[in-house]
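Protein chains in written order, with our numbering: chain A, 12 to 321; chain B, 27 to 322; chain C, 628 to 885.
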């Protein structure tokens, strides 16, 4: 059984004065996500990522097509006990405190009272909100709200998570914590479907990614495959422009600024180039492995081409 | 999504059914509240002047509302058959305070205030007060003098006051010439059926209100019926003197040659001849003002 | 199902209670009720009448104001602020959401009304000087006011599920005014003819009939209120407010949210 099955899901909005024409926000697409998989839904802003999530959650209704979650129709209310949703830039009832909010939501998701009492305090700790006490949500910062958002998505221990830009509003430390949290959820066997436009997050966490652009699913690929297929590249920065001549043949690219050189080199030639630079007594500033592959894949999919099913 | 369409239709039907149910319940509520309805507000608000201030400039609308209530109040009681119209003077007073220029209020009020129960409140004094107020507020509306004269003549038998009313009215620019004629008739100082007929005809022509017109016609019909019955009464009594008994039916009189055919009332139904020579109408509801002119 | 609806009901109540604007309204209303005895100083011998009249009228008017004030945002605020997203992603059915919101607002209004009624009773006991203060008919009048609020709440809910707060407020207020004069409208319809009559009759039966729910005058004058009136009024509101709420559910179930 797949965790998520999307079949020919479409959404069009009537536009124009008489609402006669249809503007497609989402063209028909098919997608399957296996149980336990972490799937990244990538796309630029306005591509249709949020629309897809709103369709799956029942916030808007599809023009045609259907979907199954954990084998049941996606509108089946019972199956919603087993899913969690974090919307983009979430807003919550600002007159409640964090524990009150989580209690309310967990109750609505069918969690019994005793279980809620036990779970909520530890959950707040886990998302880094252990000390908020009874402070009302209207006093929370954006980052704190984001953490509350994640908490409410997982409070009832769902099997499938739908996250829309889970890292938005977080400082680097926060992003790191949440990345770890998602990793631990992944390790616990949860299915995670998350949409983002930050490729490094997707690369770090996802098994597969799908690229969506202008309402169309342009491609789906396995992250590892994408990474290894193109081999690795590295970026070297050194001081001594004169050394450039010795290694020029092995370089993919280079830029010179004053006496500093920045160059890109293929993985298999990395060691040879480094040796030569040492012989030339160049001063190495940095050597950085490049994960440009996902970015390239993304870019290739989002320039206007026909859609490709990988 | 077939089941969802079925659900929508079902829900729509349920909503409609509940709404229709509520309309029926509203009718039940009306019955239950019946006569209580206007009582509440009139008890609550003492005077039209206060109400006018409270109405924040919407007194004209409020006047319409109170006028509607007055008519409904009167109508309900008339149907129910009660004899009490105590609130009618107040309602009309409030209405005319709120908007003194609704002439129907004075015309309607005078007739139904002065008519005897069960057709009216039997308060000709209140009627006079009301019409005089109307004349004060609308001095160029000469038709109100007809109303005033009418009340003085018909219900208060104050022929002098009636004459004065018609004379004053005839002096208002635009008044029709029969005002002077009616003034002269008033001077005859007695209650006379032909004058009554003339007055009701005057009432009929000087109002635009359908209800008042209807009442005038009704009165005229009843007067006609009264006159007919008086005549038939004389004929039946003459028969009795001749034959020693009362006639069994109109046929007896027709075969004698005294009547040409079965006598019919103004609504087209034959008059009823009873056991001991008493004559009546077939449907007394059509003639609510019968007997006013008998034996004159 | 019931636990979800009661959770939403209690949360709606909690939201109303924590809304500071509400406190201002309630305090103002209580002040007004408490000041009713001052009016009675003006006309001696009519103390009880005035206190009851002013008190009950205030409770009614403030109930309506609060109902409209909170009601217009019941659904539209959740759509606007997108707090609905995390609700709909849970096993909550859309109709349960509407039901919970309705019951929550009714709970708020009942509590408010009860508080103000207590204030009125206190005013009566203090100032009525032995005139019959503990009148159970007062409670009937208050009960009818709550019924009226049930209809108004249903309307705010209906409008809130598809239009903005401003329009909801305008429409509901308009319906309140028309409903108060619905009986006169029917009288007008009875007197008119032709197209006017059809239109007026139609509108007169379509709008809520609030006249039968107003027994303030009767209670003030110590008149009895028939049991049948109570039954019929309750039935009327159940049907009418029920139909309106179902209509709200029907609208909300179909709506694509932004």
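A virtual CB, placed ideally from N, CA and C, is assigned to each residue, including glycine. Predicted model, so just to flag it, every value in this text is computed and none were measured.
Exercise. Over what stretch of residues does the alpha helix (DSSP H) that includes residue 245 of chain B continue unbroken?
Worked result: For residue 245 of chain B, the enclosing alpha helix (DSSP H) starts and ends at 236 to 269.
Problem set entry | Given residue 66 of chain A as reference, the closest of A/278, A/175, A/126 once Cα atoms are compared | Comparing Cα-Cα distances from residue 66 of chain A to each of A/278, A/175, A/126, the minimum goes to A/175.
Exercise. Of all the CB atoms in chain A, is at least one closer than 9 Å to the CB of residue 841 of chain C?
Worked result: False, the Cβ-Cβ gap to chain A never drops below 9 Å.
Problem set entry | Distance between beta carbons of residue 250 of chain B and residue 292 of chain B, contact taken as under 8 Å | In this structure, residue 292 of chain B and residue 250 of chain B form a Cβ contact; the two beta carbons are roughly 5 Å apart against a cut-off of 8 Å.
Exercise. If you compare alpha carbons, which of C/885, C/883, C/878, C/884 is closest to residue 337 of chain B?
Worked result: There is simply no residue 337 of chain B to check, as chain B begins at 27 and stops at 322 in what is shown.
Exercise. In the structure shown, what three-state DSSP assignment does residue 646 of chain C receive?
Worked result: Collapsing the DSSP output to three states places residue 646 of chain C in coil.
For this session: Find the nearest neighbour of residue 60 of chain A within the set A/289, A/173, A/76, judged by alpha-carbon distance.
Result: If we check each option's Cα against that of residue 60 of chain A, A/173 comes out closest.
Exercise. Just to check, is the beta-carbon of residue 733 of chain C closer than 8 Å to a non-hydrogen atom of the ligand ADP?
Worked result: The ligand ADP is not part of this structure, which contains no ligands at all.
Problem set entry | Close beta carbons around residue 135 of chain B, own chain, < 7 Å, minus the five adjacent residues each side | When the five nearest sequence neighbours on each side are left out, the beta carbons in the same chain lying within less than 7 Å of the beta carbon of residue 135 of chain B are those of 118, 153, 156, in order along the chain.
Exercise. For chain A, is any of its Cβ atoms less than 9 Å away from the one on residue 713 of chain C?
Worked result: Residue contact with chain A for residue 713 of chain C: present (Cβ-Cβ distance below 9 Å to some residue of chain A).
Exercise. So which residues on chain B does residue 860 of chain C lean against when the C-beta distance must stay under 7 Å?
Worked result: Within chain B, the residues placing a beta-carbon under 7 Å from that of residue 860 of chain C are 55, ordered along the chain.
Exercise. Count the other CB atoms within 10 Å of the CB of residue 133 of chain B; is the residue buried (16 or more) or exposed (fewer)?
Worked result: Residue 133 of chain B comes out buried.
For this session: May I ask which residues mark the beginning and end of the alpha helix (DSSP H) holding residue 118 of chain B?
Result: Start and end: 113 to 124.
For this session: Along the beta strand (DSSP E) that carries residue 220 of chain A, what are the first and last residues, could you check?
Result: Per DSSP, residue 220 of chain A belongs to the beta strand (DSSP E) from 219 to 224.
For this session: Please go through the same chain and pick out, in chain order, the residues whose beta-carbon is closer than 8 Å to the beta-carbon of residue 86 of chain A, but skip the five residues on each side of it.
Result: Its chain contains 69 as the residues whose beta carbon lies nearer than 8 Å to that of residue 86 of chain A, once the 5 sequence neighbours on both sides are disregarded; these appear in chain order.
Exercise. Does any CB atom of chain A fall closer than 9 Å to the CB of residue 638 of chain C?
Worked result: Between residue 638 of chain C and chain A, the shortest Cβ-Cβ separation is below 9 Å.
For this session: Step through the CB atoms of chain B and report whether any lies within less than 9 Å of the CB of residue 866 of chain C.
Result: Yes, residue 866 of chain C counts as interfacial toward chain B.
Exercise. Nearest CA to the CA of residue 103 of chain A: which residue from A/96, A/223, A/159, A/206?
Worked result: Of the candidates A/96, A/223, A/159, A/206, the one whose C-alpha sits nearest the C-alpha of residue 103 of chain A is A/159.
For this session: Determine, using beta carbons only, whether residue 112 of chain A and residue 221 of chain A come nearer to each other than 9 Å.
Result: Judged by their CB atoms, residue 112 of chain A and residue 221 of chain A are not nearer to each other than the 9 Å cut-off.
Exercise. Any residues in the region 33 to 55 of chain A with a beta carbon nearer than 8 Å to a beta carbon of chain C? Which ones, in chain order?
Worked result: Flagged: no residues at all.
Exercise. Which residues of chain B have a Cβ atom closer than 8 Å to the Cβ of residue 836 of chain C, listed in chain order?
Worked result: Within 8 Å of the CB of residue 836 of chain C, the CB atoms of chain B belong to 52, 55, in sequence order along the chain.
Exercise. Where does residue 766 of chain C sit, in a helix, a strand or coil, going by DSSP?
Worked result: Residue 766 of chain C: helix per DSSP, three-state reduction.
Problem set entry | chain C residues whose Cβ lies nearer than 8 Å to that of residue 94 of chain B | Going along chain C in sequence order, the residues near residue 94 of chain B (Cβ under 8 Å) are 811, 814, 815, 818.
For this session: Write down every uninterrupted run of the beta strand (DSSP E) in the region 44 to 86 of chain A whose length is 3 residues or greater and which is fully enclosed by it, in chain order.
Result: You should have 49 to 53, 75 to 80.
Problem set entry | Beta-carbon proximity list for residue 831 of chain C, same chain, < 7 Å, skipping 5 on both sides | Cβ neighbours of residue 831 of chain C beyond the five flanking positions: 809, 812, 813, 816.
Exercise. Does DSSP classify residue 24 of chain A as helix, strand or coil?
Worked result: Strand at residue 24 of chain A.
Problem set entry | Which of helix, strand or coil DSSP assigns to residue 133 of chain A | Under the three-state reduction of DSSP output, residue 133 of chain A falls in the helix class.
For this session: Please confirm if residue 205 of chain A has its CB atom under 9 Å from at least one CB of chain C.
Result: With 9 Å as the cut-off, residue 205 of chain A does not count as an interface residue toward chain C.
For this session: Specify, as a first and last residue, the run of the alpha helix (DSSP H) that residue 113 of chain A falls within.
Result: Annotation for residue 113 of chain A: the continuous alpha helix (DSSP H) segment containing it runs 109 to 119.
For this session: Identify the continuous beta strand (DSSP E) that holds residue 281 of chain A and give its terminal residues.
Result: The continuous stretches of beta strand (DSSP E) do not include residue 281 of chain A, which lies in the alpha helix (DSSP H) extending over residues 281 to 290.
Problem set entry | Assigned secondary structure, residue 300 of chain A (DSSP; H/G/I helix, E/B strand, else coil) | Note: residue 300 of chain A maps to strand in three-state DSSP.
Problem set entry | Within chain C, the residues that residue 133 of chain B reaches when beta carbons sit closer than 9 Å | For residue 133 of chain B, no chain C residue has a Cβ inside 9 Å of its Cβ, as the nearest lies near 15 Å away.
For this session: Give a yes or no on whether 9 Å exceeds the smallest Cβ distance from residue 719 of chain C to chain A.
Result: Yes, contact with chain A.
For this session: Note down, in chain order, each residue of its chain lying with its Cβ closer than 6 Å to the Cβ of residue 275 of chain A, except the 5 sequence neighbours on either side.
Result: 244, 246, 263, 264.
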